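Enquirer:
Residue numbers (this note's numbering): 52 to 275.
Put into structure tokens, the structure is as follows:
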């Protein structure tokens, strides 16, 4: 006859102790204002370093006294920082998007488009388009993409590390918009050319394409 082997008893106390020993405290996510200010500081540092590296425009001091220059800067930078804030806010529990988020995103892009296109259609009659299409504008494209790419990478890092977006595709669009608007506003401190064709071809179109690519990639990689 085979002996009945009794099932070994489980010591619940030891089991509970081993489970508790494996636990690690959950790190509390930093506050929204702190993370947003951290990204703003990082972005401004990148923009300042890029302007120094690419050299500021010769007439920068005079441009800073121009109301139009100051208003455009406030619109672009303010829209960029607000897009970043909304993107970060969406990653916090119970902080889903509000109905006006999409409207603000549209407003930010329309601001960039209207400002740029107004320069295009505001050119004097007979203005040579070839001047705006000069390949030397590639230098501006490199500068504007640098000013947009590094802040975009920082915002992606913050979103991925501290928060979990419930709508990654739309958060990706906000991330791309923040980077594009920031780059568009920052390049004005470097490039003295104000011809509309140059602004549209070498400034606006590159950041628009960059924003689309970033929004697609971020929407995919922000998933958990």
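Note that beta-carbon positions come from the ideal geometry of N, C-alpha and C, so glycine has one too.
None of these values were measured; they are calculated from a predicted model.
1. Any idea what DSSP makes of residue 229, helix, strand or coil?
2. Taking the Cβ atom as the reference point for each residue, do residue 225 and residue 102 lie within a distance shorter than 9 Å?
3. Report buried or exposed for residue 184, applying the criterion of at least 16 other Cβ atoms within 10 angstroms of its Cβ.
4. I need the boundaries of the alpha helix (DSSP H) containing residue 140, first residue and last residue.
5. Is DSSP giving residue 197 helix, strand or coil here?
6. Rounded to whole angstroms, what is the Cα-Cα separation between residue 196 and residue 263?
7. Going straight from the alpha carbon of residue 171 to that of residue 82, what length do you get?
8. In whole angstroms, what separates the C-alpha of residue 231 from that of residue 113?
9. If you draw a straight line from the C-alpha of residue 220 to the C-alpha of residue 87, how long is it?
10. Using the Cβ count rule (16 or more neighbours within 10 Å means buried), how would you classify residue 246?
11. Rounded to the nearest angstrom, how far is the Cβ of residue 188 from that of residue 252, given a contact under 8 Å?
12. Could you check which residue in 233, 241, 248 and 94 has the C-alpha nearest to that of residue 205?
13. Hey, out of 255, 238, 244 and 273, whose CA is closest to residue 104's CA?
14. Tell me, to the nearest whole angstrom, how far the beta carbon of residue 97 is from that of residue 202; I am working on the premise that it is less than 8 Å.
15. So, at 8 Å on beta carbons, what are the nonlocal neighbours of residue 268 in its own chain, with the 5 sequence-adjacent residues on each side left out?
16. Around the C-beta of residue 227, are 16 or more other C-beta atoms found within 10 angstroms, so that it is buried, or is it exposed?
17. Under DSSP, the alpha helix (DSSP H) around residue 100 begins and ends at which residues?
18. Check whether the Cβ atoms of residue 240 and residue 111 sit closer than 9 Å, and answer yes or no.
19. Starting from the C-beta of residue 84, find all residues in its chain whose C-beta is less than 8 Å away, skip the five residues before and the five after it, and write them out in chain order.
20. Is the CB-CB distance between residue 259 and residue 210 below 9 Å?
21. Using a Cβ-Cβ cutoff of less than 6 Å, which residues in the same chain neighbour residue 236 once the five nearest sequence positions on both sides are dropped?
22. Counting only the same chain and skipping the five closest in sequence on each side, list residues whose C-beta sits under 6 Å from that of residue 242.
Expert: Once the coordinates are examined:
1. As a working note, residue 229 is residue 178 in the chain shown. Helix.
2. In the chain shown, counting from the first residue as 1, residue 225 sits at position 174. In the chain shown, counting from the first residue as 1, residue 102 sits at position 51. Their beta carbons are not under 9 Å apart, which means residue 225 does not touch residue 102 by this criterion.
3. Here residue 184 refers to the residue found at position 133 of the chain shown. Its Cβ having fewer than 16 others within 10 Å, residue 184 is exposed.
4. Within the chain shown, numbered from 1, the residue matching residue 140 stands at position 89. From DSSP, the alpha helix (DSSP H) with residue 140 extends over 118-141.
5. Stepping through the chain shown from its first residue, residue 197 is reached at position 146. Residue state, collapsed to three classes: helix.
6. Along the chain shown, one-based indexing puts residue 196 at 145. Along the chain shown, one-based indexing puts residue 263 at 212. For residue 196 and residue 263, the distance between alpha carbons rounds to 13 Å.
7. Walking along the chain shown from the start, residue 171 turns up at place 120. Walking along the chain shown from the start, residue 82 turns up at place 31. In this predicted model, residue 171 has a pLDDT of only 48, less than 50, meaning its place in the structure is not dependable enough to derive any value.
8. Residue numbering aside, residue 231 sits at position 180 when the chain shown is read from its first letter. Residue numbering aside, residue 113 sits at position 62 when the chain shown is read from its first letter. Each residue's alpha carbon lies about 25 Å from the other.
9. Residue mapping note: residue 220 aligns to position 169 of the chain shown, counting from 1. Residue mapping note: residue 87 aligns to position 36 of the chain shown, counting from 1. The alpha-carbon atoms of residue 220 and residue 87 are separated by roughly 20 Å.
10. Residue 246 sits at position 195 when you count from the first residue of the chain shown. Looking at its Cβ environment, which holds 16 or more other Cβ atoms inside 10 Å, residue 246 is buried.
11. On the chain shown, position 137 is the one that residue 188 refers to. On the chain shown, position 201 is the one that residue 252 refers to. So it is a contact: roughly 6 Å between Cβ atoms.
12. Here residue 205 is taken as the residue at index 154 of the chain shown, counted from 1. If you compare the alpha carbons of 233, 241, 248 and 94 with that of residue 205, the shortest gap goes to 94.
13. Along the chain shown, read from residue 1 onward, the residue named residue 104 stands at position 53. Taking the Cα of residue 104 as reference, the smallest distance to any Cα among 255, 238, 244 and 273 is reached at 238.
14. Here residue 97 refers to the residue found at position 46 when the chain shown is read from its first residue. Here residue 202 refers to the residue found at position 151 when the chain shown is read from its first residue. Taking 8 Å as the upper bound for CB-CB distance, residue 97 and residue 202 are in contact here, some 6 Å apart.
15. Position 217 of the chain shown, counting from 1, holds the residue named residue 268. Annotation for residue 268: 223 place their beta carbon closer than 8 Å to its own, counting only its chain and skipping 5 residues before and after.
16. The count along the chain shown starts at 1 and reaches residue 227 at position 176. By the neighbour-count rule (16 or more Cβ atoms within 10 Å), residue 227 is buried.
17. Translated into positions along the chain shown, residue 100 becomes position 49. First-last of the alpha helix (DSSP H) with residue 100: 83-105.
18. As a first step, residue 240 must be located in the chain shown, where it is residue number 189. As a first step, residue 111 must be located in the chain shown, where it is residue number 60. Taking a C-beta distance under 9 Å as the contact criterion, residue 240 and residue 111 qualify as a contact pair.
19. Working through the chain shown from its first residue, we reach residue 84 at position 33. So no residue of the chain qualifies.
20. What you label residue 259 is simply residue 208 of the chain shown in a count that begins at 1. What you label residue 210 is simply residue 159 of the chain shown in a count that begins at 1. No. Outside cutoff.
21. Position 185 of the chain shown, counted from the start, is the residue given in the question as residue 236. Only 124, 127 and 128 meet the Cβ criterion.
22. Locating residue 242 in the chain shown gives position 191, where the first residue counts as 1. Sequence-distant partners of residue 242 (beyond 5 residues in either direction) whose C-beta falls short of 6 Å from its own C-beta, in its chain, are 191.
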